[in-house]
Amino acid sequence: MTREEAKLILQACHPGGDDFADPRVAAALEQAQRDPDLRVWLHEQRAFDAVISDKLEHLPVPLDLEARIIRATRGRSEARPRWNTAYLALAASIVLVASILLLWLGRAGQGRGNDPGDLRADLANFLREFPRLDLETERWSEINEWLTRKATLADLVIPSHLKKYPGLGCRELRLKEKRLLMVCFVAQGEVVHFFVVPRSELPEPPSNSTPQFTRVNGWSTASWTRGEASYLVLTKGSDAFLKSLFTDQSRG
Amino acid sequence: MTDQQLEQAVHEHYITVYRFALGLAKNEAEACDLTQQTFYLLASKGDQLRDASKLKSWLMTTCYREFLRLARHRQRFPHFEVSIVEDELPQVSPEAVNQIDAETVMQALQEVDEVYRIPLLLFYLRQHSYKDIAEVLDVPIGTVMSRLARGRERLRELLSKRLPLDSNKLLPFADPVPTIDHKPA
């Protein structure tokens, strides 16, 4: 293996740890024995890691935290974590607001056009509160399974480089008689909502096959069509942030 | 899980979970809430954990998922601007980092993009193996390796900006610079 490959493997291992049973690790270590520069690099790397670990191990911890945890978990029916009640109230209010919004959208949408710009505006309204999700998960393996079950489009493609970000979940929704699949994830601190709709449901689907960017009602949006699917992406992040998601395909 | 088992689990792991939560959340109060919620879930669902040796990974995975669940409802995550480093920068030495206090090291770590920060936290806290990290984050091992490498690069850069002014503990470059012998004509 090259020196760079050996470095990539060795920097992920702890000295004397479980990883050393891996033959690749053994091979990289053997190479370090033969290569003085690699050996020096590894020594410095481990010294750096040891200092960082030591610093983190000495981070102060609130003195009463252990007691608070034990009080909160003992008997579980009392003393729930303080934000859990707030979380339930928030979840209930989100469902209520989303229900009202969907009812309003259903009435307001009658007679409106099917311009993709309208759809983006409708989605921006829909997203005023974080939507309820059918599946809450950060794992793309579970999101992909859900999409496979739900999607009637054979050529649905979520750009693979977006999957390095943690997922939030997904939902199937109907909006103005259109069936959409929504996938949400977090990138660089911003929540991103990724929608897929069959192009046949849009009288004027986006004609471009690569993302086109516009702002709609305070949201940065991107839209494109590929094969039988049209894609719409909305985020409260800046235009530059959204564009960077689609240009930075090299970082994994 | 009995109360005694739960208390034992709390005693053994709460500090590591808290330090991980502090790396995820933006402040001590949120980190405490996140830690408390993690163990609350252990109390509620701990019976589902069949293999006691997996407790550490289970706690870290749960803490990570709860962090995402909590942040989901804010629609934003604690995030710091990350400058893209184009040029090779001087590498900060372990001796130099040793001069920096733990809180400053954590602050630097919190500025690393979460894609790289989370694997780094798991690597440095309680020495998770790259296979453990891959399991917690549900990503391939190769992805863990590259994220650790990139995260560490970024952390070094951020730490180099926090060195004491009189520090001269910078290494010129990680790799030796090739030299050319000039023979006299």
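Chains X and F, in that order, give the protein sequences.
At position 36 of the first sequence (counting the first as 1) the number is 17 in my numbering, and the numbers step up by one without a gap.
At position 74 of the second sequence (counting the first as 1) the number is 489 in my numbering, and the numbers step up by one without a gap.
Beta carbons: idealized from backbone N, C-alpha and C, even for Gly.
The structure displayed is predicted, hence computed values, not measured ones.
Asked	Found
What three-state label does DSSP hand X:R152 in the structure shown?	strand
Is there a C-beta anywhere in chain C that falls below 9 Å from the one on X:V32?	The displayed structure is made up of protein chains X and F, and chain C is not among them.
Three-state secondary structure (DSSP) at X:L183?	coil
Who pairs with X:Y212 in a beta bridge, going by DSSP?	X:V177 and X:W205
Where in the stretch 545 to 570 of chain F do unbroken runs of the beta strand (DSSP E), each at least 3 residues long, occur, reported from the N-terminal end onward?	none
CB F:A511 to CB X:K36, shorter than 9 Å?	no
Contact check, X:F175 vs X:I139 under 8 Å by CB: the rounded distance?	7 Å
Please list, in chain order, the chain F residues whose beta carbon lies closer than 7 Å to that of X:K36.	A517 and V520
Please work out which residues of its chain come closer than 6 Å, Cβ to Cβ, to X:E119, disregarding the five sequence neighbours upstream and downstream, and give them in chain order.	P147 and G148
I need the boundaries of the alpha helix (DSSP H) containing X:T129, first residue and last residue.	W121 to K131
The alpha helix (DSSP H) spanning F:C447 covers which residue range?	E443 to K460
Would you mind working out which of F:S508, F:C478, F:V425 and F:M560 sits nearest F:A446, comparing C-alpha positions?	F:C478
Taking Cβ to Cβ, would you say X:P43 is nearer than 9 Å to F:E443?	yes
Measure from the C-beta of F:D462 to each C-beta in chain X and report whether the shortest distance is under 9 Å.	no
Within 10 angstroms of the Cβ of F:K460, are there 16 or more other Cβ atoms? Answer buried if so, exposed if not.	exposed
Would you decide whether X:E126 is buried or exposed? Buried here means 16 or more other CB atoms lie within 10 Å of its CB.	exposed
Is the shortest distance between the beta-carbon of X:I139 and the beta-carbons of chain F less than 9 Å?	no
The beta strand (DSSP E) spanning X:K159 covers which residue range?	K159 to A168
Between F:S508 and chain X, is the shortest Cβ-Cβ distance under 9 Å, so that the two count as touching?	yes
Under the rule that 16 or more other beta-carbon atoms within 10 Å means buried, what is F:Q452, buried or exposed?	buried
If we ignore side chains and look at the alpha-carbon of each, how far apart do X:E153 and F:E550 end up?	28 Å
So, is X:G208 buried or exposed, given that buried needs 16 or more other C-beta atoms within 10 angstroms?	exposed
On the DSSP letters alone, give me the boundaries of the alpha helix (DSSP H) that X:F194 sits inside.	That residue, X:F194, is in no alpha helix (DSSP H); its beta strand (DSSP E) goes Q193 to V197.
Against chain X, does F:E526 count as a neighbour if the rule is that its beta carbon must be under 9 Å from one of theirs?	no
Between X:V167 and the ligand COA, is there a pair consisting of the residue's CB and a ligand heavy atom that are separated by less than 8 Å?	Ligands in the displayed structure: none, and consequently the ligand COA is not present.
Is there a C-beta anywhere in chain F that falls below 9 Å from the one on X:S122?	yes
Taking all protein chains shown into account, do 16 or more other C-beta atoms lie within 10 angstroms of the C-beta of X:A221, making it buried, or fewer, making it exposed?	exposed
I'd like to know whether the C-beta of X:P4 is nearer than 9 Å to at least one C-beta of chain F.	no
Can we say the stretch 558 to 571 of chain F touches the stretch 513 to 529 of chain F, given the rule of at least three CB pairs closer than 8 Å?	yes
Kindly say whether F:S561, judged by its beta-carbon, lies nearer than 9 Å to any beta-carbon of chain X.	yes
Mind checking the stretch 444 to 455 of chain F against chain X and listing, in chain order, the residues whose C-beta falls within less than 8 Å of any C-beta there?	C447, D448, T450, Q451, Q452, F454 and Y455
Going by DSSP, name the residue or residues bridged to X:W200.	X:V197
With burial defined as no fewer than 16 other Cβ atoms inside 10 Å of the residue's Cβ, what is the status of X:T228: buried or exposed?	exposed
Measure the alpha-carbon distance for F:S575 versus X:P187 and round it to whole angstroms.	47 Å
What number of angstroms, rounded off, separates the C-alpha of X:S122 from the C-alpha of F:R541?	27 Å
Using the DSSP secondary-structure output, state which residues sit across from X:L116 in a beta bridge.	X:C151
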